[in-house]
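Numbering (the numbering used here), first residue to last: 434 to 845.
Backbone N, C-alpha and C fix where the C-beta goes; we use that ideal spot for every residue, glycine too.
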Amino acid sequence: DGSELAEIENHVRANQVEPNKDMFGIAKDKNLILVSLESLQSFVINNTMNGQEVTPFLNDFIGDSFYFENFYHQTQQGKTSDSEFIMDNSLYPLNRGAVFFTHSGNEFESMTERLNENGYFTSTMHANNKSFWNRDIMYDALEYQRFYSITDYEVTEDNSVNWGMKDIPFFEQSVEHMKEMQQPFYTKMITLTNHYPFTLDEEDKLIGEYDSNSGTLNRYFQTVRYMDEAVKNLIQDLKDSGLYEDSIIVMYGDNYGISENHNQAMSKYLDKKVTPFVSTQLQRVPLIIHIPGMEGKTISDVSGQIDLRPTMMHLLGIETKNDIQFGEDLFSKENEQFTILRDGRFITEDYVYAGNECYNKETEEPTDMKYCEPYKERAATELEYSDKIIYSDLLRFYQGEEKEINKANSKE
Ligand code: GP9
Numbered sequence: 434d435g436s437e438l439a440e441i442e443n444h445v446r447a448n449q450v451e452p453n454k455d456m457f458g459i460a461k462d463k464n465l466i467l468v469s470l471e472s473l474q475s476f477v478i479n480n481t482m483n484g485q486e487v488t489p490f491l492n493d494f495i496g497d498s499f500y501f502e503n504f505y506h507q508t509q510q511g512k513t514s515d516s517e518f519i520m521d522n523s524l525y526p527l528n529r530g531a532v533f534f535t536h537s538g539n540e541f542e543s544m545t546e547r548l549n550e551n552g553y554f555t556s557t558m559h560a561n562n563k564s565f566w567n568r569d570i571m572y573d574a575l576e577y578q579r580f581y582s583i584t585d586y587e588v589t590e591d592n593s594v595n596w597g598m599k600d601i602p603f604f605e606q607s608v609e610h611m612k613e614m615q616q617p618f619y620t621k622m623i624t625l626t627n628h629y630p631f632t633l634d635e636e637d638k639l640i641g642e643y644d645s646n647s648g649t650l651n652r653y654f655q656t657v658r659y660m661d662e663a664v665k666n667l668i669q670d671l672k673d674s675g676l677y678e679d680s681i682i683v684m685y686g687d688n689y690g691i692s693e694n695h696n697q698a699m700s701k702y703l704d705k706k707v708t709p710f711v712s713t714q715l716q717r718v719p720l721i722i723h724i725p726g727m728e729g730k731t732i733s734d735v736s737g738q739i740d741l742r743p744t745m746m747h748l749l750g751i752e753t754k755n756d757i758q759f760g761e762d763l764f765s766k767e768n769e770q771f772t773i774l775r776d777g778r779f780i781t782e783d784y785v786y787a788g789n790e791c792y793n794k795e796t797e798e799p800t801d802m803k804y805c806e807p808y809k810e811r812a813a814t815e816l817e818y819s820d821k822i823i824y825s826d827l828l829r830f831y832q833g834e835e836k837e838i839n840k841a842n843s844k845e
């Protein structure tokens with residue numbers, strides 16, 4: 434019943450942080466362009482493979498953006514759909530199955546719903562079948578106004594590879610859709626080319642393959658390099674269309690691309706053993722936030738996808754203090770460095786809890802468990818509360834006072 438929600442709400446309020454006054458509303462009424470970068474992990478950023486830069490464009494773009502280098506994906510079996518769920522709701526996904534399938538009938542308080550209330554036109558763009566991951570149903574629950582799916586794109590044999598439409602034409606056609614949108618808009622573009630098994634047409638291979646015993650890892654660098662090229666074109670198209678200056682652009686890696694099955698090859702590339710510590714650090718995915726007119730900065734604070742909702746909403750000048758969310762505004766001065774992965778691993782400023790060991794980040798070796806102990810229960814409680822919200826559809830009860838306050842604030 435509603436009393437369960439009250440307990441959770443107390444927990445959420447106790448951990449709530451104040452937005453950063455200098456950043457709150459800095460992008461008010463700007464468009465929000467989100468780019469979900471398929472399977473992009475942070476280890477390729479500012480890195481080379483056999484002497485070749487893997488992400489030359491992103492490495493540049495980061496210099497002009499806020500770049501969060503210790504940002505983790507928190508997805509589980511729901512992969513891309515989990516990352517979408519976390520981002521929109523600031524709730525954890527489930528440990529088994531995909532919330533997009535199992536709980537699309539729930540009541541949610543998505544970022545999208547709040548943006549609708551604030552006069553935004555909201556949409557998702559993804560050149561795949563609309564029912565993949567049950568997206569068409571779940572997007573209704575999250576209150577997206579429009580889903581541009583495969584039927585909204587001109588998809589041909591020529592412009593497709595692997596799972597479907599290539600990222601370069603996908604971005605091109607997406608910008609065409611954006612030009613038609615009422616502003617301000619929020620749109621989320623979901624890329625596809627950098628997906629297992631990471632195959633490309635010859636003409637799209639801009640660098641060579643890696644040389645390990647894993648064809649998957651070897652090809653991954655090539656598809657990442659292609660994605661980097663696609664993002665470069667996207668930014669140019671946004672500039673040409675005049676949308677660039679009126680938009681904040683948020684890009685993030687959605688989930689890992691290289692699983693633990695490729696540890697041997699990965700250890701060759703990284704030139705170290707892939708311990709549970711290294712494996713956890715490999716769950717970092719890039720988060721890049723570009724705000725027109727603001728200088729770039731690399732931020733090392735520990736953070737995760739759960740933090741996207743409050744961070745983006747505050748940049749747009751929308752309050753979240755009455756919301757039930759587990760993330761924190763990444764620009765807040767009170768922000769705590771504590772990120773929980775869905776499987777119970779967690780990361781603090783100095784430690785990583787993984788494989789039942791407490792690793793010291795500096796030495797990368799296990800240390801005394803007492804350093805991780807205080808966080809263990811908190812991590813478990815947080816995941817349990819988030820699960821409760823989903824399993825018992827608790828946001829049904831979040832209809833009263835808070836919602837009215839939010840509505841009133843939106844109208845101010
Ligand atoms: C398909 C795409 C799949 O629409 O989102 O990516 P995955 O969920 O397998 O990472």
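- Note on SER516: 16 or more other CB atoms within 10 angstroms of its CB, so buried under the neighbour-count rule.
- Excluding sequence positions up to five before and after THR800, its CB lies within less than 6 Å of the CB of CYS791, ASN793, all in the same chain and listed in chain order.
- Out of GLU678, ILE478, TYR586, the CA that lies nearest to the CA of MET598 is found in TYR586.
- In the structure shown, the three-state DSSP call for PRO799 is strand.
- In the assembly as shown, MET802 is an exposed residue. Its beta-carbon has fewer than 16 other beta-carbons within 10 Å.
- With a threshold of 6 Å, the Cβ atom of PHE534 does not count as near the ligand GP9, since no heavy atom of the ligand is closer than that.
- The Cβ-Cβ distance between GLY686 and PRO719 falls below 7 Å.
- Contact between the region 524-542 and the region 469-485 is absent: fewer than 3 CB-CB pairs across the two stretches fall below 8 Å.
- Secondary structure at GLY458: coil, using DSSP grouped into helix, strand and coil.
- In the DSSP annotation of this structure, the continuous segment of the alpha helix (DSSP H) that includes THR649 starts and ends at 648-674.
- Only residues of its own chain outside the window of five on either side were considered, and among them GLU542 have a CB closer than 7 Å to the CB of ASP756, listed in chain order.
- As the crow flies, the alpha-carbon of ILE466 is around 39 Å from that of ASN789.
- Comparing alpha carbon positions, the residue from GLU550, PHE618, GLY511, MET611 closest to PHE565 is GLY511.
- According to the DSSP secondary-structure assignment, CYS791 is paired through a beta bridge with TYR786, THR800.
- Taking every protein chain shown into account, the CB of LEU639 has fewer than 16 other CB atoms within 10 angstroms, so this residue is exposed.
- Residue pairing by DSSP puts GLY597 in a beta bridge opposite VAL594.
- Taking the Cα positions, GLU471 is about 21 Å away from MET544.
- In the three-state reduction of the DSSP assignment, ILE732 falls in the strand class.
- Here SER645 is near ALA698, since their CB atoms are less than 7 Å apart.
- Judged by DSSP secondary structure, ASN539 falls outside any beta strand (DSSP E); it is assigned neither H nor E.
- In this structure the region 767-776 touches the region 806-816; the number of beta carbon pairs closer than 8 Å is three or more.
- Counting along the chain, HIS723 sits inside the beta strand (DSSP E) bounded by residues 720-723.
- Look at which beta carbons fall closer than 5 Å to any heavy atom of the ligand GP9; those residues are LYS512, THR513, ASN561, PHE565.
- Residue pairing for LEU470: DSSP places it in a beta bridge opposite GLY686.
- Under DSSP, THR620 takes part in a beta bridge, and its partners are ILE466, SER556.
- Secondary structure note for PHE476: it is in no beta strand (DSSP E), with a DSSP letter that is neither H nor E.
- DSSP, reduced to helix, strand and coil, places ILE519 within a helical segment of the structure shown.
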